[in-house]
Amino acid sequence: MEKSIVKDYLYPTLMHPDYSYLFQDQFTFRPTGSSTAALIYLLHTLTDLFQTHDYVHVIALDFSKAFDSVRHHSLVSKLSNFTLPDYLHKVNNLSSRQHQTKLDGSVSSILPINASIIQGSTLGPVEYVLTASDLHPTSLSNLLCKYADDTYLLVPASNSPAIPQEIQHITNWATTNNLKLNHSKSQEMIVHLQRRRKHFAYFTAIPDIVRVVKMNILGIIVSDTLTFHHHISTLVAKSARSLCALKTIRAHGLS
């Protein structure tokens, strides 16, 4: 039943002309989404911005336990904004959910669960996409790229002073949706082309967000000059360790 609801109602909603603009920056849990599409979008957008800007801020935002924190009544309220059949709202997989803890033979009382989406379900991932559908930058010059709860904020050099406002806007959105933006696990990388390497007057680092020269973006290590030598070195080292392990096993007589 969940698969039928997602296929026949929720996916068409994501692709509907009246709502598709809300999901253009989301690249997962949708028919045309993938990590490959997200990476292509990021690299294409950065390359395009370099036509008119010397550098771009790429800020990887971390939401603490995002899937476990989505508030049910906020999600249901957002679902009501989309054109869905009335009877579909009655198929509520979030209501009447309860939790009980057992430790050393002691069992707690049963309490209702009013937050978190059901991981491992078919409806859960799409419900998170709907939750994040209203998260957008305050400035049209800035861009977001979302892959589930992995969120990347792209700010061109000319708009650097707007970064604190954007971070505050995202923090406020997270608070409203019972989420928490974890500054200590978020990162900022200033990306520029190798041939343009010179001393720029970079905007002051964001408080509590560390500035790095390489960043793991959806499993791919990217440098601040848009090269992948760090990622290739990591893959080669991993392969070398695997070969060494195989040789050791064979040396001990195992096939």
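The sequence shown maps to residues 748 to 1002 in this note's numbering. For every residue, glycine included, the Cβ atom is placed at its ideal position computed from N, Cα and C. Predicted model, so just to flag it, every value in this text is computed and none were measured.
Going by DSSP, name the residue or residues bridged to residue i.
i      : result
Ser853 : Leu850
Ser970 : Lys961
Pro859 : Gln845
Arg818 : Ala862
Leu928 : Phe810
Using a 10 Å radius around the Cβ and a threshold of 16 neighbouring Cβ atoms, would you call residue i buried or exposed?
i      : result
Asn861 : exposed
Asn828 : exposed
Ala952 : exposed
Ser880 : buried
His976 : exposed
Leu982 : exposed
His804 : buried
Thr760 : buried
Lys994 : exposed
Ala895 : buried
Val957 : exposed
Met962 : buried
Pro764 : exposed
Tyr768 : exposed
Lys893 : buried
Thr783 : exposed
Ala921 : buried
Leu882 : buried
Ser850 : According to the sequence provided, residue 850 is Leu. The question's Ser does not apply to it. Leu850 comes out exposed.
Ile996 : exposed
His999 : exposed
Leu796 : buried
If I'm right that residue i touches residue j with Cβ under 8 Å, what's the distance once you round it to whole angstroms?
i      : j      : result
Pro832 : Gln845 : Actually they do not touch by this definition, with Cβ atoms about 28 Å apart.
Leu973 : Leu940 : 7 Å
Asn889 : Glu913 : 6 Å
Thr878 : Lys812 : Thr878 to Lys812, Cβ: 14 Å. No contact.
Leu786 : Ile968 : Going by Cβ atoms, the distance from Leu786 to Ile968 rounds to 12 Å, so no, they are not a contact pair.
Lys750 : Thr869 : 5 Å
Asp809 : Ser933 : 5 Å
Asp815 : Ser863 : 4 Å
Ser855 : Thr848 : 4 Å
Pro911 : His800 : With a Cβ gap of about 19 Å, Pro911 and His800 do not count as contacting.
Val938 : Leu793 : 6 Å
Asn925 : Ser821 : 7 Å
Leu891 : Asp971 : Going by Cβ atoms, the distance from Leu891 to Asp971 rounds to 20 Å, so no, they are not a contact pair.
Phe770 : Pro872 : With 8 Å as the limit, Phe770 and Pro872 do not qualify as a contact, their Cβ atoms being about 13 Å apart.
Tyr756 : Pro778 : Actually they do not touch by this definition, with Cβ atoms about 13 Å apart.
Asn840 : Ile865 : 6 Å
Return the first residue and the last residue of the beta strand (DSSP E) that residue i is part of.
i      : result
Pro710 : With the chain running from 748 to 1002 in the structure shown, residue 710 is simply not present.
His804 : Val803 to Leu808
Tyr894 : Leu890 to Tyr894
Met936 : Gln934 to Val938
Where do the ends of the alpha helix (DSSP H) carrying residue i lie?
i      : result
Gln773 : Here Gln773 belongs to no alpha helix (DSSP H), and DSSP marks it neither H nor E.
Pro911 : Ile910 to Thr923
Arg942 : Where Arg942 is concerned, there is no enclosing alpha helix (DSSP H), given that its DSSP letter is neither H nor E.
Val983 : His976 to Ala998
Leu789 : Ser782 to Leu796
Met762 : Tyr758 to Met762
Ile752 : Glu749 to Ile752
Leu877 : Leu870 to Thr878
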